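Written out below as C-alpha cells is the structure these notes cover.
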Amino acid sequence: MESDPHATEPGWWRDAIVYQVYLRSFADSDGDGTGDIPGLCSRLDYLHALGVDAIWVNPWYVSPLDDGGYDVADYRRIHPLFGDLNDVHELIEETRARGTELLVDLVPNHTSSEHEWFQEALRAPNGSPQRSRYHFRPGRGRAGEWPPNDWQSVFGGPAWTRAPDGDWYLHLFDVSQPDLNWSNAEVRAEFADILRYWLELGVSGFRVDVAHGMAKHPDYPDVSGSTDHLDPVWRDGVHPFWDRPEVHEIVREWRSVVDEYEGVLVAEAWVADWGRLADYLRPGEYHQAFDFLFLKSPWDLHSIKRQIDDAVTATSALGASPTWVLSNHDVVRHTTRYGLPPGVDPALWLLDGDRDLLDEGLGIRRARAATLLVMALPGSVYLYQGEELGLPEVFDLPFETLDDPVWARSGHTRKGRDGCRVPVPWRREGPSLGFGDDAAWLPQPGAWAELSVEAQEHDPASTLNLYREAIRLRRRYLRGTSGFEWTECGDDVLGFRRGGLVCIVNFGSEPHPVPAGKLILASEPSRDQVLPDS
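Counting from 21, one number per residue, gives the positions in the sequence shown under my numbering.
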C-alpha cells in the first residue's frame, strides 16, 4: 500500500478535541435573537477552560438562511446577522492567542439561488456558459412539463425545479440550493480561490459539506426513487449522485492548495461502510472524515465494538486517525437517541412518536458513558455545542417556530433538525437564559435553566465538569498515544487498554466490578463498580 507522506508528520488534528459552533445558536452579542461572531468571541474563555484544541464554525456567509446558512449567496462575505470581516479578524486573533485552531465550513455542492451565478444563469439562454455552472436540463414529456428524471431531494419532493423559460435545474436539497456542476472548470477554479481566500485570512482548514455528493452521472439516469445517503451502490456499483469516483479528483485539487498553507480538510461523507469511507482518507485527499457509521450505531456492545474496530483498522492502514462524533447540527442529539428503545427512528419519532418511549435518565447515563468511551479512543473527537451540558433534543418545538426546510419539503411528515439547534443556555435566568438579552430565534425549554453553564459550573457531578475532567485526563495521559488493545471483561462489558489506562463500559443491566487499580474517572459516581446503563 502506498504510504501517506503526511502520515508521520505531527498534526494537531490527529488527536484533537474540536468543538462545533452552530453560530446562530451559540451566543448573541447584540440582542437580536441570533448568535454571532462577537458572541462567540465573548465565550472563547469558556471553550479554552473546557479544553478544546479547535473550533469549527458552521456557515457564516451571506445567505438568505433558507437552510440555516448552507445556502450560500457569497462565499467571501459575512452575513450581517453574524458580523463582518473585522469580527472574523478578531476571532482569528483571539483563537490564536489561546492556541486554538479555527475551522470553517465549505459548502461546495450547491449555492443559494440568490448567488450571482445562479441569477445570471436564470437570465441566460439554455446552453450558455452561465448555465453550465449548474445542472440545467430540458424536461420530459411533450412540452417538457415533467422533470428530467426521478431524482428526489434529500429534504423531500422532486430534486428538480422548473425555471421560468421551461428548463429544469437540479437541487438535491432545498429548491433554493441549486447544485453546482463540478465538471465545469470555472466552478473548480472559483473554489480553489475561495480556499485560498480564507486560508490567507488565517483559518486552519475546512469542514467540507456533502463531500460525497458533488459529482453527478453525465447521463442523469433514473434511480427509482432512492436518495439514501448511505446506499451508494446502484446497478454497476456507482450511484448517479452519491459517492462517485469523481469526487476524489476534486479533493485532490483542493489538497494541493490547502497543503500550501498547512491546512486541514475534514469530510462530511455519508457512505455505506468503511470500505468506502477509507477512500476519502487516501494519500493526497482528506485529512479526516467523520465516522457517521459510529454515530448511527445503536447502543449495543457488539455494534459499537465492530464500528470501533472498523474505524481503527481502516485509518491505521492509511496512516490516518479516526474522527469520533456523537452529535451534530443534523442529527437528533445523542442524549435523546440513547434514551429511545431499539428500532425507533429518532428523526421520525420527533413528530408524533410515543413520548412514553423516551427514558431521559437512561439517555443521559448512556451519553455520559459514551463520552468517556470516545475520549479514551485513539483519534480526534468532535463535540457539538451543548453536549457538554447534556442537552437533550427539543422535540416539542411549536410548529410555527420550525425553520428547517425539511418540515415544509416533506409535507409536514418530518419535523426536521431544529430540535438540535436550540440556542445554548448560559444562565439560569433571562429571556433566553443568557444566550442574549432578548428572546432567542428558537425557544428554549424552561427546564434548560438547570442545564445551563451557570447551574453546572460549580457542581462536581455535572455533565459539564465530567467533560472538563475527561478532556484534561485525555490530554495528560493519552495525547500522542495511538494504539489500543481490547481486554476481556465478560458479557455485556466492553473494555480496552490504551496508554496505561483501561476504559470499561457496561452495556448490561447489572453492575460490574472495577479491575484492580486506581479509578480516575467514572460516568456515574462509584468507587468500585461500573454501573449498568439500565
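For each residue, glycine too, the CB sits at the ideal point set by N, CA and C.
Computed from a prediction, not measured in an experiment: that's the story for all the values here.
Judged by their CB atoms, Leu60 and Val82 are not nearer to each other than the 7 Å cut-off. Cβ contact annotation for Gly515 (same chain, cutoff 6 Å, sequence separation greater than five): Thr507, Cys509 and Ile524, in chain order. Going by beta carbons, Asp48 and Phe312 fall outside the 7 Å limit.
Burial is judged here by how many other beta carbons sit within 10 angstroms of a residue's own beta carbon; Gly89 has at least 16 and is buried.
Under the three-state reduction of DSSP output, Glu273 falls in the helix class.
Within the region 316-394, the runs of beta strand (DSSP E) that reach at least 3 residues and sit entirely inside it are, in chain order, 343-345. Per the Cβ contact rule, the region 394-404 is not in contact with the region 462-480 (fewer than 3 Cβ pairs under 8 Å).
Counting only runs of 3 or more residues that sit fully inside the region 164-213, the beta strand (DSSP E) segments are 180-182 and 188-190, in chain order. Of the residues Trp180, Val77, Gly177 and Val195, the one whose Cα lies closest to the Cα of Ser132 is Val195. With a threshold of 16 other beta carbon atoms within 10 Å, Pro443 meets it and is buried. Taking C-beta atoms as the reference points, Leu392 and Ala331 fail to come closer than 7 Å. Judged by beta-carbon spacing, Glu413 lies within the 7 Å limit of Cys440, meaning their Cβ atoms are closer than that value.
The DSSP-derived three-state label of Trp446 is coil. Rounded to the nearest whole angstrom, the CA to CA distance from Phe261 to Pro128 is 14 Å. Between the C-alpha atoms of Val124 and Pro58 there is a straight-line separation of about 16 Å. DSSP places Glu114 inside the alpha helix (DSSP H), whose first and last residues are Leu105 to Ala117.
Put simply, of Gly51, Leu301 and Arg208 the residue whose alpha carbon is nearest the alpha carbon of Glu288 is Leu301.
A direct Cα-to-Cα measurement between Asp279 and Leu219 gives close to 10 Å.
As the crow flies, the alpha-carbon of Asp73 is around 29 Å from that of Gly233. Just so you know, the alpha carbons of Phe193 and Glu530 end up roughly 45 Å apart.
In the three-state reduction of the DSSP assignment, Asp125 falls in the strand class.
When the beta-carbon positions are compared, Arg96 and Tyr217 come within less than 7 Å of each other. Between the C-alpha atoms of Ser148 and Val345 there is a straight-line separation of about 43 Å. One Cα belongs to Lys325, the other to Ala309, and the distance between them is close to 19 Å. For Arg499, there is no enclosing alpha helix (DSSP H), as DSSP marks it with neither H nor E. Close CB contacts of Leu422 within its chain, under the 8 Å cut and outside five residues either way in sequence, are with Lys435, Gly436 and Asp438 (chain order). In this structure, Asp320 keeps its C-beta atom at 7 Å or more from the C-beta atom of Val291. Residue pairing by DSSP places Asn526 opposite Val513 in a beta bridge.
Look at Trp80 here: in three-state DSSP terms it is coil, with no helix or strand label. Judged by DSSP secondary structure, Phe226 falls within the beta strand (DSSP E) whose first and last residues are Gly225 to Val228. Counting along the chain, Tyr66 sits inside the alpha helix (DSSP H) bounded by residues Leu64 to Leu70. The C-beta separation of Ile112 from Leu105 comes to about 10 Å, leaving the pair out of contact by the 8 Å criterion. If you compare the alpha carbons of Leu521, Ala183 and Tyr358 with that of Lys538, the shortest gap goes to Leu521.
Close CB contacts of Val207 within its chain, under the 8 Å cut and outside five residues either way in sequence, are with Arg153, Leu200 and Asn201 (chain order).
Ile270 counts as buried, since no fewer than 16 other beta carbons sit within 10 angstroms of its beta carbon.
Distance from the Cα of Val228 is smallest, within the candidate group Thr333, Glu305 and Trp32, for Glu305.
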